[in-house]
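Everything below concerns the one structure shown next.
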Amino acid sequence: RFADKLPSEPRENIVYQCWERFCQELGKQIPVAMTLEKNMPIGSGLGSSACSVVAALMAMNEHCGKPLNDTRLLALMGELEGRISGSIHYDNVAPCFLGGMQLMIEENDIISQQVPRFDEWLWVLAYPGIKVST
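In this text, residue positions in the sequence shown follow our numbering: the first is 2, and each later residue adds one.
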């Protein structure tokens, strides 16, 4: 449904770039075949690129026996998300990878910390149907 908005050249796709960067991190080329299905609108502001980055890197790390720890994985996720947004940041990849609401700290080798959950809060997710450049 959103395929026409994706890069036509596979090497320009963020999932391919995740594979390249993961292989570079390990110092070897890992043969994989990946299919990513999200059904999230591109440019929706819902973190679709972060979902791609997190899914790709988690899958490759699992496939290879978890050679990278969570801290290193999160750092790579922020780096790769930055290729799309223009700068390294963790505001979408950290909650996607770690779960819950995350506070971005980026001090003393700590990238983010989970914020306590409030059971009485009501969460509303809305998609206005327009492209949002995040």
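Every residue, glycine too, gets a C-beta built ideally from N, C-alpha and C.
{"query": "6 Å Cβ shell around V116 - same chain, five flanking residues per side excluded", "result": "M102 and L104"}
{"query": "Chain-order list of residues whose beta-carbon lies under 6 Å from that of A57 (same chain, five-residue window excluded)", "result": "V16 and C19"}
{"query": "Start-to-end residues for the alpha helix (DSSP H) that takes in Q18", "result": "I15 to L27"}
{"query": "S50 beta carbon less than 9 Å from that of I85", "result": "yes"}
{"query": "Minimum C-alpha distance to V55 - residue among E107, L123 and L99", "result": "L99"}
{"query": "Beta carbon of I43 nearer than 9 Å to that of K132", "result": "yes"}
{"query": "Nearest-angstrom Cβ-Cβ length linking N93 and E82, presumed shorter than 8 Å", "result": "7 Å"}
{"query": "Residues near L69 by beta carbon distance below 6 Å, same chain, minus five either side", "result": "N62"}
{"query": "For Q115, the residue or residues it bridges with in DSSP", "result": "Q103"}
{"query": "9 Å Cβ cutoff, V116 in contact with chain D", "result": "In the structure shown, chain D cannot be found, because there is only a single protein chain."}
{"query": "Identified DSSP bridge partners for E121", "result": "In the DSSP output, where bridge partners are listed per residue, E121 has none listed."}
{"query": "Closest residue to P34 among A60, Y91 and K67 (Cα-Cα distance)", "result": "Here residue 34 turns out to be Ala, not Pro, going by the sequence shown. Cα-wise, what sits closest to A34 is A60."}
{"query": "Three-state class that DSSP yields for E80 in the structure shown", "result": "helix"}
{"query": "Start and end residues, alpha helix (DSSP H) containing M59", "result": "S49 to H64"}
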